[in-house]
Amino acid sequence: MCKIKKCADLLVEAHRVPGKLITAWPEGMQPKTIEEGYKIAAEVDKALGLSLVGYKVVCTPRTRNTYNIEEPLFGRIYSKNVVNQASSTQRISDFNQPRFEPHYTFKMEKDLTEKI
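End of the sequence shown sits at 560 in the numbering used here; the numbers just go up one at a time, nothing left out.
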């Protein structure tokens with residue numbers, strides 16, 4: 445089994461076990477590049493059957509310093525995580541490490557055709 449698949453399986457298992465946290469990658473399993481990380485995320489999406497609705501871009505000074513990067517990172521946004529109403533109730537027990545993280549969102553008129 446390839447490293448990408450093993451990493452994805454580890455994350456899927458943690459997702460399916462309430463309260464399970466991964467505090468560090470097992471020896472030799474840590475992704476070496478951003479591209480490997482994105483490939484692992486794509487495998488997790490497939491395994492969990494998540495419905496992708498968009499992306500978020502992260503490039504704060506804190507993120508750049510923490511991860512020693514110079515370019516923005518993107519994260520996936522799933523339909524199950526989007527609340528499209530003015531008022532909503534969420535159960536804190538549904539989350540491993542709950543945070544309040546507001547985002548500005550917009551919908552593009554058409555899909556981007558070039559690789560980003």
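Don't be surprised by glycine CBs; every beta carbon is placed ideally from N, CA and C. Computed from a prediction, not measured in an experiment: that's the story for all the values here.
Pairing Ile448 with Ile484 gives a Cβ-Cβ distance under 8 Å. Out of Leu454, Glu553 and Gln534, the CA that lies nearest to the CA of Asp489 is found in Leu454.
When rounded, the separation of the alpha-carbon atoms in Ile536 and Lys464 is 15 Å. By the Cβ neighbour-count rule, Cys503 is exposed, with fewer than 16 other Cβ atoms within 10 Å of its own.
For Ala452, the number of other beta carbons within 10 angstroms of its own is at least 16, and it is reported as buried.
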